[in-house]
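In this note's numbering, the protein residues as written are 739 to 1012. All C-beta atoms in this analysis are idealised placements derived from N, C-alpha and C, irrespective of residue type, glycine included. Because the structure is a prediction, the values reported are computed rather than measured. One structure is given below, encoded as structure tokens.
Written out as structure tokens, the structure reads:
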């Protein structure tokens, strides 16, 4: 059995299929773990979602910001962006089933036997394991509720950007979504920055979340994440495994095999899907 972790697929189905063929992926034996953002920008978000759903227990997913945004678009709370190329997905007869399947996926996965965590953007440096699991589970429970759209409609915006003890339960959940699906840089006081999307060398007072002093979970755990294409698959911390290599921007799609920590890359089949 092999465990393959894949970066942001974002609708790049052809590249994903090539990687699965190259590693001779066998769903009866192997497991595919996604860092989230299955949809958007690439040409085949519908095929990607259907594939992961059809793989059943052989595929494990965490939600990314584009996956959450799809829920809002599908419900008419937000307008579809032409650059996301999601109209075939929005017109699909099984859209409701696919959205329901997405809603069952968590924001965080923990593999205790490997001391490994998987999230889309990373984890706040001040959280310990129990806090991280508890906060992520609270959002998952909300997304599984019949009235989940009440939350989806309020999760947008750049506040709260700090995990203050006075936050309401709803604001705690919004902060959790912001941290686990949108985080890149932090201010010196730990607040989230949402504006800078460049590489670490271009920031001034900001620092990447994985470089924040005394990151609790990175001391003893491997943390696999995506979301940040400007990193080009590299982080400065040996326990922070960056897998978003910008396939939809003309980069590549990357598998990371847990057993030997080997990377397998498939270059984008178009210069840019965006």
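query: C-beta contact flag for residue 919 and residue 741 at 8 angstroms; result: no
query: Classification of residue 862 by the beta-carbon crowding that lies within 10 angstroms, buried from 16 upward; result: buried
query: Sufficient close CB pairs (3 or more, under 8 angstroms) joining the segment 764-780 to the segment 743-750; result: yes
query: Cβ-Cβ separation, residue 749 to residue 781 (assumed contact under 8 angstroms), whole Å; result: 6 angstroms
query: Min CB distance residue 999 to chain B below 8 angstroms; result: The chain inventory of the structure shown lacks chain B, comprising one protein chain alone.
query: 8 angstroms CB neighbourhood of residue 905 in its chain, flanking five on each side removed; result: 898, 913
query: Sufficient close CB pairs (3 or more, under 8 angstroms) joining the segment 885-901 to the segment 991-1001; result: no
query: For residue 901 and residue 786, the rounded distance between their alpha carbons; result: 34 angstroms
query: Enclosing beta strand (DSSP E) for residue 772 [first to last residue]; result: 769-772
query: Cβ-based burial, residue 946 [other Cβ within 10 Å; buried from 16]; result: buried
query: Reduced DSSP secondary structure (H/G/I, E/B, other) of residue 838; result: helix
query: Cβ-Cβ distance between residue 860 and residue 961 below 8 angstroms; result: yes
query: Residue 949 - containing alpha helix (DSSP H), residue span; result: Careful: residue 949 lies outside any alpha helix (DSSP H) and carries neither H nor E.
query: Limits of the beta strand (DSSP E) - the one that residue 886 falls within; result: Segment 886-890 is the alpha helix (DSSP H) holding residue 886; no beta strand (DSSP E) there.
query: Paired residues, beta bridge with residue 856 - DSSP; result: 847, 962
query: Close Cβ partners of residue 959 (< 6 angstroms) along its chain, the five nearest in sequence each way excluded; result: 853, 855
query: Assigned secondary structure, residue 863 (DSSP; H/G/I helix, E/B strand, else coil); result: coil
query: Closest Cα partner of residue 894 within the set 808, 968, 764; result: 808
query: Extent of the continuous alpha helix (DSSP H) to which residue 783 belongs; result: 783-792
query: Element boundaries [beta strand (DSSP E), containing residue 803]; result: First-last for residue 803: 803-812, but that is the alpha helix (DSSP H), not the beta strand (DSSP E).
query: As assigned by DSSP and simplified to three states, the class of residue 742; result: strand
query: Under 8 angstroms between C-beta atoms of residue 923 and residue 944; result: yes
query: Short Cβ contact (8 angstroms threshold) for residue 847 with residue 1004; result: no
query: Contacting residues, own chain, Cβ-Cβ under 8 angstroms from residue 964 (five flanking each side not counted); result: 745, 746, 773, 774, 775, 802, 858, 859, 980, 981, 982
query: Member of 816, 864, 783 whose CA lies at the smallest distance from the CA of residue 833; result: 783
query: Proximity to residue 976 [Cα-Cα], best of 949, 844, 841; result: 949
query: C-alpha distance - residue 864 paired with residue 953, whole-angstrom precision; result: 6 angstroms
query: Residue 1000: first and last residue of the uninterrupted beta strand (DSSP E) it sits in; result: 1000-1005
query: Residue 1045 versus residue 799: straight-line alpha-carbon distance, rounded; result: Residue 1045 is absent from the model: the chain starts at 739 and stops at 1012.
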